[in-house]
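What follows is a set of notes on a single structure, which appears directly below.
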Amino acid sequence: MHPSDEAVLAETRRQFFGRGARGLGALALSSVMKGAAALPHFAPKAKRCIYLHMVGAPPQQDLLDYKPKMDDWFDKDLPASIRQGQRLTTMTSGQSRFPIAPSKFKFAQHGKSGAWVSELLPNMAKMVDDLAIIRSMNTEAINHEPAITFIQTGNMNAGKPCIGSWVSYGLGSMNQELPSFVVLNATHSNPKAPVQAISARLWSAGFLSAQYAGVALRAGGDPVLFINNPDGVDGTVRRRMLDSLSELNMFKFREMNDPETLSRISQYEMAFRMQTSVPELTDLSKETEATYNMYGDDARKPGTFANSCLMARRLAERGVRFVQIYHRGWDVHGELPEILPSQCQDVDRAAWALVQDLKQRGMLDDTLVIWGGEFGRTVYSQGKLSATSYGRDHHPRCFSLWMAGGGVKAGIVHGETDEFSYNIVRDPVHVRDFQATILHLFGIDHARFTYMYQGLDQKLTGVEPASVVKALVS
Amino acid sequence: MRCLCLIALAAPLFAVDFQREVRPILSDACFQCHGPDKASRMAGLRLDTRDGAMAKVIVPGKPLESKLYQRIMQENTALRMPPTASHKVLSDAQKATLKAWIEQGAPWKEHWAFRAPEKPAIPAGQNPIDFLVREKLKAEGLTPAPEAGRRTLARRLALDLTGLPPEPKEVEAFVADTAPDAYGKLVARYFDSPRYGEHRARYWLDAARYADTHGIHVDNYREMWPYRDWVINAFNKNLPFDRFTVEQIAGDMLPNRTLEQQIASGFHRCGISTNEAGIIVDEVEAIYAKDRVDTTATVFLGLTLGCATCHDHKFDPLSQKDFYSMAAFFRNTTQNTMDDNIPDTPPIVVVPSAADVPRWEALNRELTAIKARQAQLRAIAEPVLAASKDLKSPIEPAAEVFGWREEARFKKGEFKSLPNQKIFDADKPFSIATRIFFPEGEDSFAVASQNDPERKGMGWLIEISARVANFRMTGDDGKSVTVRAAHLEQMKPGTWNHLVVTYDGSREQAGLRLYLNGRVILLQGGGDVNTKITGSISAGTPLLLGRERQRGFEGGAVSEFLIFNRVISAEEASLVNDWPKPNPRLTYLNLRDKEYRKLSARIEALNAEARQIRKRGGVTLVMQERTDRKPVANILYRGMYDAPREEVQPDVPAVLPGMKADMPRNRLGLAKWLVDPANPLVARVAINRFWQEVFGAGIVKTAEDFGSQGTAPVNQELLDWLAVEFRESGWNVKHMLRLMVTSETYKQAAVATPEKLQRDPENRLLSRGPRFRMDGEVIRDYALSAGGMLDAKVGGESVKPYQPEGVWETVAMNGSNTKFYRRDDGQKLYRRSLYTFWKRSAPPAAMELFNAPTRENCTVRRERTNTPLQALTTMNDPQFVEASRSLAQNALQAGGGFDQQLDYVSMRVLARPFAANEREVLKRAYVDLQAHYERHLPEAKKLIHVGASMPDPSIPPAEFAAWTMLASNVLNLDEALNK
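Residue numbers (my numbering), protein chains in the order written: chain A, -9 to 464; chain B, 4 to 982.
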């Protein structure tokens, strides 16, 4: 390659994962960067986020929303005054009665904050003073597909960008070798756990440029699609091929003057660097015993939730802006007491380890960690209720999740539901408020963070009002 | 910065163009509160109409007296417009433009897109496209580029008309042909290629949101490919675009409709559908209707009508009522809300293979005749109601081979054991009828079974789970087939239900049927529909009621269990259900009327034959209008399905010319209205997309939005000329594309100069020829074609070429029949990319990286990014490596030494020989690579064995591997990836 071209390349190279440049070079910036150009709007607290999404919706009554009075209500009908004619899914709307199923799991208070946490989450319980537990989350969506699409993209219908894409688009990347938004799909251990679908739309960039889409880091095969050279091609062969490729492309650039050609050369060079950095990223052999002691032995198995959490920390260390982990199997319509413990076991220790690990590395202050699902579950049993078994249907009116680090106020419990964990009685946090708050922690004003599409200034929080939950911000 | 100042100063000097300069400012900054939406209009002021704007706040000629100008110039931020809360800020240049516009008398024009296009005058002898493009260039002080070389032209043309590289011999013939019509001949040649229709269809399938799965939740297989074939054929036979439109919107409603026209109506069956158990019917139906309105508005009208779902449109004169009036056209379908996870969710049509067509038609004629005769028999049977006193059984011939008529109630752990029944065999038909008490519960209950856990569970099982019945048969090889009632066929807790299972001995799911309480019920799909039981199901274990292995039927009961040695018909299922008090007329017909019974048997036989024909051919989803009511819709308050308001009749948006008297108020009327000459949008929107395909960007860049917030046409005279010409040509697509590709504008070289890069950076003005990165499908097809691997077959069902492992499994639901990707073999690996199986929740991985949409909703404009993940794909994806190797192999087999071999490669990829400096670079690379592989022979062998096809063993591996890398190098060139 001509040395004089190096500078040009360095410039275009910077652009790909850099702020907002969409490969088209500076030309398209003016139209695309509207809204994002002045980001962040104010000093951010969080630089990155690791979002642990429990797909299928964990039951809040059995985990984070303690409702001791329900023990007296065993098998009694949910009062109509509580249900208020609310719509139900077609799975339970035909039920002749709605018998209340108290949680069969024990709760205890923990930490200085004295937050009540279920015995199923002993490790998370240890760190309640690091967490802001929200018990007053709510949504309008009553089925998984719309609900998960809503909480991830701000809209129940497919086609909008997800949070990770918005944040990557707005703030760009902090590294030169890896994508700014990475998705990990973790396995679950219990084959009986009721699995819900996820799909590429949950890490899609929607109408934003595709470069902001989440890149799935895969546990089997190539960790990033096509990252590995084909059999029989090693690094030297690839380098040799790229050298001649760049040289030929430079000839073409001099002939045609198309800035895209320069951009293409830099993308191939970036690809080459990713081929080195991704194997280094996914090689966990140098992690210490102490680390494995924290995350548990599961972390050694590729694809487990613990392994994904450890990987998430490595990604965060390397400047990846947004890491999304999906863990499935939480859709406990029936046989909840059999299924829920194994689901909790999959995630409890690793989520705790992740937060502690970030903390000990001094990264928790600017890394936001979120744990939660897409809606809540009903206090009444779906299907047969017995002393030992019950199930819970979908419930949009309230659910619980927690946030930690990244400027979140630690050691608080926010919001409250009624004694049935059915309606919110204090400090509701709508999904849009939750999204506005996440953006706020990143130094972004959700109302000003827009992208023109279909003639509309599109926002993550959509057109309905949303507000930052200041009480959650430290 | 300098640029901005220039505009600010320059603006007042020239006549301000309201359309291009003023209206966009008003739209973006003001319409939100002073626009069409009356609900959010502030101060009673609207600025989207002339009357509204001139009434209060504008004094033409006098900006300083105009309130509009005063308010935008306000020092006091509390009074300044637009207000701070809107987050909109006017630049100085924008303010200057508004000022100049008012000074110049505030001329007003209705939004351009709602006015009918008119052809601008073209001087005699001038090519209209070239004339209009050059007028614009002249105005901008730019000059066109010279004509591109012949090789470049041949390649560009082949790519635009066929999506494939040109054959080297075509290129050479064209280069050598000095006749004046040489280019025209090449154009004609590509138009005649079946590749033309495939290439055009690929673009259309994005707009039609075509895919091979349902899209939501379980995301099972959907059989829809005959629609894709229809699109390909429509382009190949140059179906006029008006008919193309009408048949897709309402082909099913045309008088004397053909099968083809019905298939075309599948356009609006391409939308996503769901079978998620918890859905609320009204909500999902509202979503389906919205998808159809959004798609129709985007594809044909270029309007964002969907923005008026919850409120009046904020920028365009489209009311919420307009949205729901359009929705009404689509809310009169016989389609069920839930897709039942089956590939052929009704309404469907069977598309027999060509060979089967005569028999298919005869068979249907016979079925129609039989059904008519049976209806007659039913009518005349009325007076001869037979006494059924002497009947011993509800059906005859007495097929009952086992009957248990007691009642068993099951507490926890209880069950009833009956003797083993030998009748069950995978090759023999049978039926089971049983009465079941369904207790409360979401558990899965074992109602009855006869299976052997020791032998992989061979046998059968009747089960209720999630409140619906299902029947599973398992062979001793562990393979099983299941038939399952649809979600909406739930049993009510605490009720007795009558269930009939029938099986025809075909070893497959399609041979099983369920009847609940004497009714034919909807079934849901699951598992692989192609699975066949290969082993035996004849378990030697007892027949258990209320038990299967460890599972029971706690709280449930069974009161009758009958087995028949044949398939019983739907009418018989109802007789068995009603027994001992069956409908006398049906009893007479089915038990005593010999002719009726013979006809029933014949129907069964014909149905079995029909199933085979259907299997050999295909099935495709179509639209079907309900005949029992007229289409209507309700306005949904804030778009909420559970807040229906005023009822509205089907109608088109009020801002556009209305429907004429001869247009029925249904989908057919809508279709006719779309292509009526009075419609100002459809021709423009369609021609803009064809322009976009060829030139890389539309004349209206926002191909999906011709409204106020869309980009204004960069050359409206050109767009209008093309639109009118399109209509006047009889909506002739090939004619229009021919006009485009034979223009001087198209034939320009793509070389950019610094001046052009500055003044026309995106080449919107076409100051040079089009050059842009090809779509992912084209890049793959291109490599396959250059490598000599592309399979020429046109049409047919989707194929599964190489895909990295785990792409489907990671996201799929358990039980989805698209959870595991089973790669095809042989020629199916090398079909054109538009035939690749499209799973919506995990679209073809390599194409997605090149900006292919998910096909979950309508897309008329793809993005074109340039990323490292794309580079990794074309370098490392086995299909590209294999294509490179195949290209290398063909070059080596052609022989002639390095230079000739290099020519072989470059002619196929670039349609030109390499220049000396390029050759030198590649020669050096080859020497290094060849030396490397000589030293690492096992590596060389590995490389040439990538892919399913076998390499030529006679070629020395080191040379072969080095050439493979060289070919890959050429396929990865910027020039190869670009048009």
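Just so you know, even glycine gets a beta-carbon here, dropped at the ideal spot from N, CA and C.
Classify residue i as helix, strand or coil using the three-state DSSP reduction.
{"i": "A/Arg318", "result": "coil"}
{"i": "B/Met968", "result": "helix"}
{"i": "A/Gln186", "result": "coil"}
{"i": "B/Tyr213", "result": "coil"}
{"i": "B/Arg938", "result": "helix"}
{"i": "A/Lys37", "result": "coil"}
{"i": "B/Lys419", "result": "strand"}
{"i": "B/Gly309", "result": "helix"}
{"i": "A/Phe97", "result": "strand"}
{"i": "B/Pro258", "result": "coil"}
{"i": "A/Gly160", "result": "helix"}
{"i": "B/Ile398", "result": "coil"}
{"i": "A/Leu19", "result": "At A/Leu19, the pLDDT of 32 sits below 50, so the modelled position is not reliable and the matter cannot be decided from this model."}
{"i": "B/Phe693", "result": "helix"}
{"i": "B/Pro169", "result": "coil"}
{"i": "B/Val579", "result": "helix"}
{"i": "B/Tyr291", "result": "helix"}
Residues in its own chain within less than 6 Å of residue i by CB, not counting five upstream and five downstream?
{"i": "B/His3", "result": "Shown here, chain B extends from 4 to 982; a query on residue 3 of chain B therefore has no answer."}
{"i": "B/Leu787", "result": "Leu793, Tyr833 and Ala886"}
I'd like the list of long-range same chain contacts for residue i, defined as Cβ closer than 7 Å, with 5 residues on each side in sequence excluded.
{"i": "B/Ala211", "result": "Phe270 and Cys273"}
{"i": "A/Lys291", "result": "Asn297"}
{"i": "B/Cys861", "result": "Ala210, Arg212, Asp297, Thr298, Thr301 and Val302"}
{"i": "B/Thr868", "result": "Asn854"}
By the 10 Å Cβ neighbour count, where 16 or more other Cβ atoms means buried, how is residue i classified, buried or exposed?
{"i": "B/Arg376", "result": "exposed"}
{"i": "B/Thr537", "result": "exposed"}
{"i": "A/Pro49", "result": "buried"}
{"i": "B/Gln251", "result": "buried"}
{"i": "B/Lys675", "result": "buried"}
Assuming residue i and residue j are in contact, meaning their beta carbons sit under 8 Å apart, how far apart are those beta carbons, in whole angstroms?
{"i": "B/Ala845", "j": "A/Leu215", "result": "So it is not a contact: roughly 12 Å between Cβ atoms."}
{"i": "B/Asp729", "j": "B/Ala664", "result": "A small fix is needed here, since residue 729 of chain B is Phe in this sequence, not Asp. Contact doesn't hold; Cβ gap of about 26 Å is too wide."}
{"i": "B/Met494", "j": "B/Phe441", "result": "4 Å"}
{"i": "B/Gly790", "j": "B/Asn854", "result": "The Cβ separation is near 23 Å, so there is no contact."}
{"i": "B/Thr623", "j": "B/Val354", "result": "6 Å"}
{"i": "A/Pro151", "j": "A/Thr143", "result": "6 Å"}
{"i": "A/Val369", "j": "A/Gln99", "result": "Their Cβ separation, rounded to whole angstroms, is 21 Å, which puts A/Val369 and A/Gln99 out of contact at 8 Å."}
{"i": "A/Val398", "j": "A/Ser464", "result": "6 Å"}
Excluding the five sequence neighbours on either side, which residues of its own chain have a C-beta within less than 8 Å of the C-beta of residue i, listed in chain order?
{"i": "B/Val190", "result": "Leu160, Leu164, Arg741, Val744 and Thr745"}
{"i": "B/Leu145", "result": "Glu758, Lys759, Arg762, Asp763, Leu768 and Ser770"}
{"i": "A/Arg3", "result": "Residue placement at A/Arg3 is flagged as unreliable, the pLDDT there being 35, under the threshold of 50; a coordinate-derived value is accordingly withheld."}
{"i": "B/Asp222", "result": "Thr216, Ala815, Met816, Ser819, Thr821, Lys842, Arg843 and Ser844"}
{"i": "A/Lys59", "result": "Glu409"}
{"i": "A/Ile329", "result": "Asn180, Lys182, Ala183, Pro184, Gly319 and Val322"}
Quick one: which residues of the region 365 to 376 of chain A get their C-beta closer than 7 Å to a C-beta of chain B? List them in chain order. Residues passing the 7 Å Cβ filter: Gln372, Gly373 and Lys374.
Which residues, in chain order, does the region 220 to 242 of chain A contribute to contact with chain B at a C-beta distance below 8 Å? Those residues of the region 220 to 242 of chain A that come within reach of chain B (Cβ to Cβ, closer than 8 Å) are Pro220, Asp221, Gly222, Val223, Asp224, Thr226, Val227, Arg228, Arg230, Met231, Asp233, Ser234, Leu235, Glu237, Leu238, Asn239, Phe241 and Lys242.
Name the residues in the region 798 to 817 of chain B whose C-beta lies less than 7 Å from a C-beta of chain A; which are they? Pro807, Glu808, Gly809, Thr813, Val814, Ala815, Met816 and Asn817
Interface residues of the region 250 to 281 of chain A facing chain B [CB-CB below 7 Å]: Considering only beta carbons, the part of the region 250 to 281 of chain A lying closer than 7 Å to chain B consists of Glu250, Thr251, Ser253, Arg254, Gln257, Tyr258, Met260, Ala261 and Met264, in chain order.
Identify each residue in the region 103 to 133 of chain A for which the Cβ-Cβ distance to at least one residue of chain B is less than 8 Å, and report them in chain order. Ile132 and Asn133
Against chain A, which members of the region 300 to 326 of chain B pass a CB distance test of less than 7 Å? Thr307, Cys310 and Phe318
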